Structure formats: C-alpha cells, structure tokens
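*Asks:* Have a look at the structure that comes next, please.
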Amino acid sequence: MSICLGYILSQIHEKLMLSGSWIYGGITEMEVHIIKSNFKPGSGDYEDDPEVREDQFGEFYDIHIGKYIKGEAHLSGSYTSINSAKEYALKVCPSLNWG
0 MSICLGYILS QIHEKLMLSG SWIYGGITEM EVHIIKSNFK PGSGDYEDDP
50 EVREDQFGEF YDIHIGKYIK GEAHLSGSYT SINSAKEYAL KVCPSLNWG
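Residue numbers (numbering that gives the first Met the number 0): 0 to 98.
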C-alpha cells in the first residue's frame, strides 16, 4: 500500500446509523444497513464531471446489504442525506423493516 493511500484510508471514518432487514426472493431474510461516511470515492474516469470523477470528503450515506462487520471499510457514500439513503433502500428492498 502506498503512503498516500494509507494516509487517505486513515482519514476515513464510518459509522453505522440504521439497521433493518428485508425478505429477498420471498424466503431469505437479508440485513440492510445505512452507514455514514466522511468519504465518497470518485470514479477516476476522465470523461466524468469533476464531482463524479474526484474523491470527496464531506458527509455521505450509503446502503450496505448483507452482514455488517464493524471495522470493515465500505468506502462509499452515494447519498448526501440519510433520508435519501432510506428512500433508495425502500425502493430496492420493498419489504424493508428498520429495526
């Protein structure tokens, strides 16, 4: 790992904000979590606009489907508010119940 990447990773902070579950395929219960992060990775694609291409520090929220393991880096923040993340989670997990 390069020194630069190590420094960036040490600056990233994530916090579990909300957990719930939904029924996948009518039979399997899956965990759903909303994680708050101060980092949003960029695409790195030179054809994207700078706000998509470049890494950003700020306040972001993302959805993690599956078991949440504390300390495991998720490194994504697709939404700028917890309400936006919750709305999207309900669209992709229609039987979602927050616990």
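Think of the CB as a built atom: it goes at the ideal place given N, C-alpha and C, for glycine as much as any other residue. Only a predicted model underlies this, so the values are computations on that prediction, with no experimental measurement involved.
Pairing CB atoms from the region 39 to 52 with CB atoms from the region 17 to 27, are three or more of them under 8 angstroms?
*Replies:* No, the region 39 to 52 is not in contact with the region 17 to 27.
*Asks:* Cα-Cα, which of Val91, Pro49, Gln55, Tyr23 is closest to histidine 12?
*Replies:* Ranking the options by Cα distance to histidine 12, first place goes to Gln55.
*Asks:* Quick one: what does DSSP say lysine 69 is sitting in, helix, strand or coil?
*Replies:* Of the three classes helix, strand and coil, the one that applies to lysine 69 here is coil, per DSSP.
*Asks:* Should isoleucine 68 be counted as a contact of the ligand NAD given a C-beta to heavy atom distance under 7 angstroms?
*Replies:* With respect to small molecules bound, the structure shown includes none, and the ligand NAD cannot be examined in it.
*Asks:* So, at 6 angstroms on beta carbons, what are the nonlocal neighbours of lysine 39 in its own chain, with the 5 sequence-adjacent residues on each side left out?
*Replies:* Answer for lysine 39: Gln55, Phe59, Gly76, listed in chain order.
*Asks:* So the alpha helix (DSSP H) isoleucine 81 belongs to, where does it begin and stop?
*Replies:* Where isoleucine 81 is concerned, the enclosing alpha helix (DSSP H) stretches over 81 to 91.
*Asks:* Run through the DSSP bridge pairs and tell me what leucine 15 is partnered with.
*Replies:* Ile34, per the DSSP bridge assignment.
*Asks:* Where does serine 20 sit, in a helix, a strand or coil, going by DSSP?
*Replies:* Of the three classes helix, strand and coil, the one that applies to serine 20 here is strand, per DSSP.
*Asks:* With C-beta atoms as the reference, is tyrosine 67 less than 8 angstroms away from glutamate 30?
*Replies:* Yes, they are a contact pair.
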